[in-house]
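**Q** To start, I am sharing the structure in question, which I have written as structure tokens.
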Amino acid sequence: MLIIPKAIFSIPGSTFLPKKPVLLSIAAAFFAVLLLQGCSNSLVKEPVVPEQVGNMPLPDQSVNASIPEYVIRAGDELDIKFFYNRELNERVTVRPDGRISLQLVHDVPAAGLSPEELTRILSRRYAAHIKEPEISVIVKSSGSRRIFVDGQVKNPGLVAMGGYMNVLQALASAGGVMDSALESQVLVIRRNGLGKPFIIAVDVEKIRSGEDTSQNIELKPYDIVFVPKSRIAQVNTWVDLYLRKNIPFDFSAGVYRSLD
243 MLIIPKAIFS IPGSTFLPKK PVLLSIAAAF FAVLLLQGCS NSLVKEPVVP
293 EQVGNMPLPD QSVNASIPEY VIRAGDELDI KFFYNRELNE RVTVRPDGRI
343 SLQLVHDVPA AGLSPEELTR ILSRRYAAHI KEPEISVIVK SSGSRRIFVD
393 GQVKNPGLVA MGGYMNVLQA LASAGGVMDS ALESQVLVIR RNGLGKPFII
443 AVDVEKIRSG EDTSQNIELK PYDIVFVPKS RIAQVNTWVD LYLRKNIPFD
493 FSAGVYRSLD
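So for the sequence shown, my numbering puts the first residue at 243; every next one is plus one.
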């Protein structure tokens, strides 16, 4: 039973008690408020199931998550663009000492800065020569993003990574593999977070045939892709080194079995 204190309905100098219908209406309204509060609490406490979440971003994927800025490094190629003084536009490469050379302002430190930070520095320096310079710094290519392809490829050496690069793309950039390549055992040598190298074996034959394209892994800067020789190629090399070049014998004539 709901008990309503009389003090609620007290008037100085007199005592007023509502009639029964009015009392029931007030009691019903009061009960409805309590019921709504209970429902709202239950809604707040109800767990959210995955089906209700849908494509809702996870906490670490929220818009508040900070994205690190790109840091300019030696070897990077930069476009320095002027909106109102296009004759000053230049494309420069960050030198090994971390500096770039520009018109009017000469040597400017660039390595270790973000493009935005370099833009502010250049704006201050060019302000002494032109009125209200509007400058933009664009990283065209990263000299630090390189891999090394070695072994049985046509053009072994450094390969620049303009962006995403996988194993097949690296081999193609090195001119493709040679006939003597052992494509089933291509090695990707990579350093872990502790700086220690570890090896990832990749079967390029399965990638090309479509049997296992998951082995066409994405490469990271400073990876080494090594293509070894096939066993037949190793035998041919051994024959060439130890037989053809050391024994005066014409192998083109063939070997004949004696009839005796």
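From the three backbone atoms N, C-alpha and C, an ideal C-beta is built for every residue, glycine too.
Mind checking which residues open and close the alpha helix (DSSP H) that includes R450?
**A** Where R450 is concerned, the enclosing alpha helix (DSSP H) stretches over 446-451.
**Q** Please look up how many angstroms separate the CB atoms of T364 and I377, rounded, as I've assumed it's under 8 angstroms.
**A** Looking at the sequence shown, residue 364 is not Thr but Leu. Right, their Cβ atoms sit about 5 angstroms apart.
**Q** Could you give the C-beta distance for V334 and S343, rounded to a whole number, given that I count them as a contact under 8 angstroms?
**A** 7 angstroms
**Q** Whose CA, out of A353, T455, I389, E447, lies closest to the CA of G405?
**A** Restricting attention to A353, T455, I389, E447, the CA atom closest to the CA of G405 is found in I389.
**Q** Are the CB atoms of V469 and G393 within a distance shorter than 7 angstroms?
**A** In contact: G393 and V469 (Cβ atoms closer than 7 angstroms).
**Q** Less than 7 angstroms separating the beta-carbons of P351 and R366?
**A** No.
**Q** Since S356 and Y312 are thought to touch, with beta carbons under 8 angstroms apart, how far apart are those beta carbons, to the nearest angstrom?
**A** 6 angstroms
**Q** In chain order, what residues of the same chain have a beta carbon less than 6 angstroms from the beta carbon of K323, not counting five sequence neighbours either side?
**A** N331, S378
**Q** Based on the DSSP secondary-structure assignment, which residues constitute the bridge partners of T335?
**A** In the DSSP output, where bridge partners are listed per residue, T335 has E319.
**Q** Given a threshold of 16 other Cβ atoms within 10 Å of its Cβ, counted over all protein chains shown, does S415 qualify as buried or as exposed?
**A** buried
**Q** Compute the distance between the beta-carbons of K438 and G418, then report whether it is under 7 angstroms.
**A** Taking 7 angstroms as the cut-off, the Cβ atoms of K438 and G418 do not count as close.
**Q** Under 8 angstroms Cβ to Cβ from V409, same chain only, skipping five residues before and after it: list those, please.
**A** V428, V430, V444, V446, I449, Q457, N458, I459, L461, V467
**Q** Quick one: Cα of K287 to Cα of E319, how far?
**A** Residue confidence for K287 is low, a pLDDT of 39 falling below 50, so the modelled location carries little weight; the figure read from the coordinates is stated next. Rounded to the nearest angstrom, the two C-alpha atoms are 55 angstroms apart.
**Q** So, at 8 angstroms on beta carbons, what are the nonlocal neighbours of I314 in its own chain, with the 5 sequence-adjacent residues on each side left out?
**A** Excluding residues up to 5 positions away in sequence, L320, V336, A352, A353, G354, L355, S356, P357, L360, V381 lie with their Cβ nearer than 8 angstroms to the Cβ of I314 in the same chain.
**Q** Enumerated in chain order, which unbroken segments of the beta strand (DSSP E) with a length of 3 residues or greater are wholly contained in the stretch 334-367?
**A** Within the stretch 334-367, the complete beta strand (DSSP E) runs of at least 3 residues are 341-344, 348-351.
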